[in-house]
Amino acid sequence: MSDLEAPLRPKRKKVWVDYFVQFRWILVIFVVLPISFTLYFLTYLGDVKSEMKSYKQRQKEHDENVKKVVKRLKERNPSKDGLVCTARKPWIAVGMRNVDYKRARHFEVDLSAFRNILEIDRERMVARVEPLVNMGQISRASVPMNLSLAVVAELDDLTVGGLINGYGIEGSSHIYGLFSDTVVAYEIVLADGQVVRATKDNEYSDIFYAVPWSQGTLGLLVSAEIKLIPVKEYMRLTYKPVVGNLKELAQGYIDSFAPRDGDQDNPSKVPDFVETMIYNSTEGVMMTGRYASKEEAKKKGNVINNVGWWFKPWFYQHAQTALKKGEFVEYIPTREYYHRHTRCLYWEGKLILPFADQWWFRFLLGWMMPPKVSLLKATQGEAIRNYYHEMHVIQDMLVPLYKVGDALEWVDREMEVYPIWLCPHRLFKLPVKTMVYPEPGFEHQHRQGDTSYAQMYTDVGVYYSPGPVLRGEVFDGAEAVRRMEDWLIENHGFQPQYAVSELNEKKFWRMFDADLYEHARKKYGAVGTFMSVYYKSKKGRKTEKEVQEAEQANLETAYAEAG
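See below:
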């Protein structure tokens, strides 16, 4: 949207929070970065210590820790104690929403010991891991074996438990679906202390399908078995610039991975990895990757780019160079490619440290990047949190692929946030209707990217300060998010609940389907033990009375009104 087309908005008067945010980099450089680096290093040492243990020893420790969880759950007195929550501190969560549900009286269960890779099974092509294993840890262990999770979320700190109970995506999701779609089995401690292994075809198949997006409100996840795939040492990445209006950029993005002849399962036509970055309303760069061997990458004339080095340009800025120099190809070591957005937190790092992308900073202090999101949250008070909720957007819009052009135009018109991240993912047609589900009858429309068994969706990642805020104009962030949520509901889209949500309960259950989730909550005793997913995701503080009343009114909740 050009300045001439932008709606006229009054200028916003600056308050003290604006100046604190403007100079927050001082706190980040001298406090957050050093502590972050120390924590990263200590975590790494813990991972190394874990890897030195045999799988048998790790399994023994796992079994002992599960017994402790069961014992703790059985100590709870439902008439006196609050609802069950993990003992993890609210600020440690990577998500952007306030973890205010822990302000209500609650009964804590400590899961902090569950951070081990229990087994990498080459025969079954499955990794069995505990919920606090993060993406950096699992890729460090598996990639040297030429194995990888089918979907590896980009940021190192994202945990298996968060990606399963919430939402996870990567550039391979156009083949394998969301992170939770790659899970083979869950080990869950139910409300009564029973430990069950749930798969898609055993007696616990209902809870197997209900767990994704449930935010840990059905039971306590203590391990998961996740699909592995064979990989090669490098990613052959092609950067292709596209220029045009937003609808033309959207079509270029679709064409980069979805054959127009509908042959979506043909590996010769569909790349292994896909992502696109839209830099403004007329320019974008489409990236497609294919795994490549070390021998291929090192052939004469090929360019190898070790993007993981601390002094390298930030990935999104490196990709942007394609707009000037045209299409080009390079080879990136596979693990470095997986975590290409970690150092700069996509482009959020530019807001946190405005000069951190400069060559001198990257060379001198880039090795300490990124600041831990949890520490950034811990060093901001309520006024700062509210400021970011109003003046800053971190949202993902999951929309049907054929509506991506409409979504881009909506974001440009209502928020003016750039860059925008695009990443496609399959939404599978399952035997049961889960919280997120494809459009009814999609298989008969034969749209580009769809198959008979899955509808192609796309993540429209909106992360940055909106244009009006950058221009010093009035901007109502909460109202913009409400309009976004309404647009998603009207267009069969979904909003991952790691983000700040303005949905009321009725609209929440219009966006998501409640039937299977509510069935599992009642069947497995979660009602009265775990907070419901809406109240866990709901913005603002949750009082004990509010939560209890919501649980008691379970049969009359708004999901029934939306039916």
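For any residue, its number in our numbering is found by taking its place in the sequence shown, counting from 1, and adding 94.
No residue lacks a Cβ here, since even glycine has one placed at the ideal position from N, Cα and C.
Everything numeric in this text was worked out from a predicted model, so none of it was measured.
The residue among R384, K341, D141, K147 with its C-alpha nearest the C-alpha of D251 is D141.
Cβ-Cβ distances below 6 Å link R152 to N210, L212 in the same chain, with the five nearest sequence neighbours on each side left out; the list follows chain order. With distances taken between CA atoms, L564 lies nearest to V487 out of H540, M625, V487, S631.
Here the alpha carbon of Y531 sits roughly 7 Å from the alpha carbon of K523. Contact between the segment 260-271 and the segment 286-296 is absent: fewer than three C-beta pairs spanning the two stretches fall below 8 Å. Distance from the CA of W453 to the CA of Q489, rounded to the nearest whole angstrom, comes to 29 Å.
Counting along the chain, I269 sits inside no beta strand (DSSP E); it lies in the alpha helix (DSSP H) bounded by residues 267-270. A straight-line Cα-Cα distance of about 7 Å links V379 and A413. Annotation for H519: I263, S267, H268, G271, L272, L492, M550, Y551, T552, D553 place their beta carbon closer than 8 Å to its own, counting only its chain and skipping 5 residues before and after. Contact check for E508 and R577: beta-carbon distance about 6 Å, within the 8 Å limit, so the pair qualifies.
In terms of Cβ geometry, F409 and F457 do not form a close pair [threshold 8 Å]. Residue environment analysis places E612 among the buried positions, since at least 16 neighbouring C-beta atoms fall within 10 angstroms of its C-beta. Per DSSP, M578 is not a residue of any beta strand (DSSP E); the alpha helix (DSSP H) it occupies stretches across 571-584.
In its chain, beyond the 5 residues on either side, V278, E319, I320, K321, L322 have a beta carbon closer than 7 Å to the beta carbon of V220. Between the C-alpha atoms of K617 and Y280 there is a straight-line separation of about 17 Å.
No Cβ-Cβ contact shorter than 8 Å links K388 with E442. With a cut-off of 8 Å on Cβ pairs, the segment 390-402 is not in contact with the segment 354-369, counting fewer than three such pairs. If you draw a straight line from the Cα of G619 to the Cα of Q474, it is about 37 Å long. Bounds of any beta strand (DSSP E) do not take in Y618, whose DSSP letter is neither H nor E. Secondary structure note for P238: it is in no alpha helix (DSSP H), with a DSSP letter that is neither H nor E. Assignment of E281 by DSSP, reduced to helix, strand and coil, places it in the strand class.
Residues of the same chain with a CB within less than 8 Å of the CB of V325, apart from the 5 flanking positions on each side, are V237, N240, L241, S242, Y385, T428 in chain order. Around the CB of P104, fewer than 16 other CB atoms lie within 10 Å, so the residue is classed as exposed. One thing to note: V498 has its Cβ within 8 Å of the Cβ of I348. In this structure, the beta-carbon distance from V227 to V254 falls below 8 Å. Beta-bridge pairing by DSSP links G378 to V336, I372. Nearest C-alpha to E584 among E533, P525, Q539: E533.
The bridge partners DSSP lists for F606 come to none. The Cβ-Cβ distance between W515 and G555 falls below 8 Å. S206 and S595 have their C-alpha atoms roughly 27 Å apart. Taking C-beta atoms as the reference points, Y303 and V526 count as a pair closer than 8 Å.
When secondary structure is reduced to three states using DSSP, R218 falls in the coil class, being assigned neither helix nor strand. About 14 Å separates the CB atoms of Q539 and A352; that is not less than 8 Å, and the two are not in contact.
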